[in-house]
Amino acid sequence: MLGAVPAEALPLPRDASSKGYGAKHLQPPLPPPKQQPDVEAESGWFEEEIDDDFKLCYALNSVLHRGASKYQEIVLIDTKHFGKALIIDGKMQSTEMDEFIYHESLIHPPMLFHPNPKTVFIMGGGEGSAAREVLRHNTVQRVVMCDIDQEVVDFCRTYLTVNRQAFSSEKLCLIINDARAELEKSKDRFDVIVGDLADPVEGGPCYQLYTKSFYELIVKPKLNDLGIFVTQAGPAGVLTHKQVFSSIYNTLRHVFKYVQAYTAHVPSFADTWGWVMASDHPFDLTARQINERISDRIEGGELAYLSGEFFISSTTLNKSVHQSLLNETHVYTEDDARFIYGHGRACHAVSS
Numbered sequence: 015m016l017g018a019v020p021a022e023a024l025p026l027p028r029d030a031s032s033k034g035y036g037a038k039h040l041q042p043p044l045p046p047p048k049q050q051p052d053v054e055a056e057s058g059w060f061e062e063e064i065d066d067d068f069k070l071c072y073a074l075n076s077v078l079h080r081g082a083s084k085y086q087e088i089v090l091i092d093t094k095h096f097g098k099a100l101i102i103d104g105k106m107q108s109t110e111m112d113e114f115i116y117h118e119s120l121i122h123p124p125m126l127f128h129p130n131p132k133t134v135f136i137m138g139g140g141e142g143s144a145a146r147e148v149l150r151h152n153t154v155q156r157v158v159m160c161d162i163d164q165e166v167v168d169f170c171r172t173y174l175t176v177n178r179q180a181f182s183s184e185k186l187c188l189i190i191n192d193a194r195a196e197l198e199k200s201k202d203r204f205d206v207i208v209g210d211l212a213d214p215v216e217g218g219p220c221y222q223l224y225t226k227s228f229y230e231l232i233v234k235p236k237l238n239d240l241g242i243f244v245t246q247a248g249p250a251g252v253l254t255h256k257q258v259f260s261s262i263y264n265t266l267r268h269v270f271k272y273v274q275a276y277t278a279h280v281p282s283f284a285d286t287w288g289w290v291m292a293s294d295h296p297f298d299l300t301a302r303q304i305n306e307r308i309s310d311r312i313e314g315g316e317l318a319y320l321s322g323e324f325f326i327s328s329t330t331l332n333k334s335v336h337q338s339l340l341n342e343t344h345v346y347t348e349d350d351a352r353f354i355y356g357h358g359r360a361c362h363a364v365s366s
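The opening residue of the sequence shown carries number 15 in the numbering used here; numbering runs sequentially from there.
#1: Quick one: residues in its chain with C-beta nearer than 8 Å to the C-beta of Ala-318, no 5 flanking neighbours on either side, listed in chain order?
#2: Can you round the beta-carbon distance between Val-273 and Val-335 to whole angstroms, since I take them to be within the 8 Å contact cut?
#3: In this structure, what does DSSP give as the bridge partners for Pro-249?
#4: The beta strand (DSSP E) that contains Arg-156, what's its start and end?
#5: Output the boundary residues of the alpha helix (DSSP H) element that contains Asp-310.
#6: Leaving out the 5 sequence neighbours to the left and right, which residues in its chain are closer than 8 Å to Thr-347 when beta-carbon positions are compared?
#7: Consult DSSP for Ala-318 and reduce its assignment to one of helix, strand or coil.
#8: Return the CA-CA distance between Ile-262 and Glu-63, expressed in angstroms with no decimal places.
#9: Between the beta-carbon of Val-258 and the beta-carbon of Tyr-276, is there less than 9 Å?
#10: What's the C-alpha gap between Ser-83 and Phe-60?
#11: Where does the unbroken beta strand (DSSP E) through Lys-69 begin, and where does it stop?
#12: First and last residue of the beta strand (DSSP E) that includes Gln-274?
#13: Using the Cα positions of Glu-327 and Cys-187, report the straight-line distance between them to the nearest angstrom.
#14: Got a sec, what are the start and stop residues for the alpha helix (DSSP H) Val-335 sits in?
#15: Take Arg-302 and list the residues in its own chain whose beta-carbon comes closer than 8 Å to its own, dropping the five residues that flank it on each side.
#16: Please report the distance separating the alpha-carbon of Arg-311 from that of Leu-299.
#17: If you run the structure through DSSP and keep just helix, strand and coil, what is Val-258?
#18: Would you mind reading off the limits of the beta strand (DSSP E) that contains Leu-186?
#19: Kindly list the residues whose CB is nearer than 7 Å to the CB of Glu-198, restricted to its own chain and excluding five residues on each side of it in sequence; keep chain order.
#20: Using 9 Å as the threshold, is the C-beta distance between Lys-98 and Glu-110 below it?
#21: Under 8 Å from any heavy atom of the ligand SAM, does the C-beta of Thr-133 make it?
#22: With DSSP run on the structure shown, which of helix, strand or coil describes Ala-99?
#23: For the region 207-214 against the region 173-182, do three or more pairs of beta-carbon atoms, one drawn from each stretch, fall closer than 8 Å, so that the two count as touching?
#24: Within 10 Å of its beta-carbon, does Leu-314 have 16 or more other beta-carbons around it, so buried, or fewer, so exposed?
#25: So is Ser-309 buried or exposed if we call it buried at 16+ other beta carbons inside 10 Å?
#26: Which one or two residues does DSSP pair with His-128 in a beta bridge?
#27: Can you tell me where the alpha helix (DSSP H) with Phe-204 in it begins and where it stops?
#28: Taking the alpha carbon of Gln-164 as the point to measure from, which residue in Tyr-221, Asn-264, Lys-234, Gly-81 has its own alpha carbon closest?
#29: Are the region 237-251 and the region 124-138 in contact at 8 Å, needing three or more beta carbon pairs?
#30: Taking Gly-288 as the reference, which of Arg-307, Thr-254, Ser-282 has the closest Cα?
#31: Which residue comes first and which comes last in the beta strand (DSSP E) that contains Gln-107?
#32: Between Ala-292 and the rest of its own chain, which residues show a CB-CB distance below 6 Å, the 5 nearest in sequence each way excluded?
#33: For Ser-143, which residues does DSSP report across the bridge?
#34: In the structure shown, what three-state DSSP assignment does Asp-298 receive?
#35: CB-CB under 6 Å to Pro-45, same chain, minus the five flanking residues each way: which ones, in chain order?
#36: Taking DSSP as the reference, what is the three-state secondary structure of Asp-168?
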């Protein structure tokens with residue numbers, strides 16, 4: 015729900031420099047969270063500040079659970095419009111009504127374009143939804159999910175019942191550690207590497223997971239032949255795509271031979287969202303071939319959101335965004351980063 019909020023509406027606690035879940039906490043430990051009032055009792059709204067003059071507001075049924083780690087505060091709320099929603103540091107991470115859009119878009123394109131994906135490394139993904147989607151592929155033998163925040167993982171494993179089967183899978187190897195360090199020291203190589211990461215946020219070190227050196231020196235060497243890397247790439251709307259989406263795309267173009275950007279609208283984010291996948295081998299499947307692989311590989315033979323035809327269409331960007339990607343010159347480095355402002359995803363992948 016978008017619009018004005020009653021003056022007495024109280025926001026859930028938030029940290030201005032974080033935005034999401036998964037492999038996403040690159041910040042130093044925060045002080046213990048202060049006791050917060052019952053949001054539902056006070057106002058009946060969850061309020062997320064996007065900018066000084068722009069807020070998103072979600073009508074509440076109740077606040078179901080609260081938790082906290084040394085990194086962040088975690089809240090599970092029940093909203094009237096989107097159902098249950100996961101909030102981390104005051105930022106909307108996913109809702110039960112539309113999280114499948116984000117996670118199907120993140121996971122299935124690289125998995126389907128790979129000829130036989132057996133091993134997958136997920137940077138972040140503490141919610142468990144990325145692992146859930148990976149494990150739907152009958153080719154998969156091993157999934158490594160590395161998240162730095164044990165409390166977030168435990169909270170999601172307990173309260174997000176839709177992902178319990180994924181968390182209990184014998185194919186899942188869950189590691190609580192700095193994802194950058196874990197990937198760097200790993201002796202294994204992977205068919206698909208997933209960046210379920212926070213957006214680059216000023217004041218936090220998460221931008222380090224979007225730099226040319228990270229892609230070139232850590233990610234790419236850990237891919238098998240025919241390997242594919244995919245990352246969420248932040249807001250990709252007409253008004254928001256220049257924040258980080260175009261820079262992430264251009265940075266990957268400096269490391270991989272083939273780079274494919276694609277987008278989808280996520281209603282609870284109130285924006286179009288972007289993803290970028292990259293490889294040294296072309297993405298040349300037709301819609302029919304993608305559909306055949308969905309039918310052959312996916313449990314149940316179909317997906318809720320993606321089809322071959324829709325994925326191909328999602329790679330066709332509107333003129334404004336397409337032109338920006340073509341003209342983008344910025345490359346992420348440790349000394350030259352762009353940062354996102356407004357709605358985004360928070361970081362639990364790397365320690366500062």
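Note that beta-carbon positions come from the ideal geometry of N, C-alpha and C, so glycine has one too. Only a predicted model underlies this, so the values are computations on that prediction, with no experimental measurement involved.
Concretely, from the data shown:
#1: Phe-114, Glu-118
#2: About 15 Å; that fails the 8 Å criterion.
#3: Trp-287
#4: That run of the beta strand (DSSP E) goes 156-161.
#5: 301-311
#6: Thr-225, Lys-226, Ser-227
#7: coil
#8: 24 Å
#9: no
#10: Going by the C-alpha atoms only, they are around 21 Å apart.
#11: 68-82
#12: 272-280
#13: For the sequence presented, residue 327 should be read as Ser rather than Glu. A direct Cα-Cα distance of roughly 34 Å separates Ser-327 from Cys-187.
#14: 333-341
#15: In the same chain as Arg-302, and ignoring 5 residues on each side of it, the C-beta atoms closer than 8 Å to its own belong to Gly-322, in chain order.
#16: 15 Å
#17: coil
#18: 186-190
#19: Ile-232
#20: yes
#21: Absent from the structure shown: the ligand SAM. Ligands present: none.
#22: strand
#23: Contact between the region 207-214 and the region 173-182 is absent, because fewer than three Cβ pairs lie under 8 Å.
#24: Sequence inspection shows Gly at residue 314; the Leu mentioned does not correspond to that position. Burial is judged here by how many other beta carbons sit within 10 angstroms of a residue's own beta carbon; Gly-314 has fewer than 16 and is exposed.
#25: exposed
#26: According to DSSP, His-128 bridges with nothing at all.
#27: Where Phe-204 is concerned, there is no enclosing alpha helix (DSSP H), although the beta strand (DSSP E) it sits in stretches over 204-210.
#28: Gly-81
#29: Remark: three or more beta-carbon pairs, one from each stretch, lie closer than 8 Å, so the region 237-251 and the region 124-138 are flagged as touching.
#30: Taking the Cα of Gly-288 as reference, the smallest distance to any Cα among Arg-307, Thr-254, Ser-282 is reached at Thr-254.
#31: For Gln-107, the uninterrupted beta strand (DSSP E) run begins and ends at 105-109, by DSSP.
#32: Phe-243, Leu-266, Phe-270, Val-273
#33: Ser-143 is not bridged to any residue.
#34: Assignment of Asp-298 by DSSP, reduced to helix, strand and coil, places it in the coil class.
#35: In this predicted model, Pro-45 has a pLDDT of only 37, less than 50, meaning its place in the structure is not dependable; the value taken from the coordinates is given anyway. Answer for Pro-45: no residue qualifies.
#36: Taken through DSSP and simplified to helix, strand or coil, Asp-168 comes out as helix.
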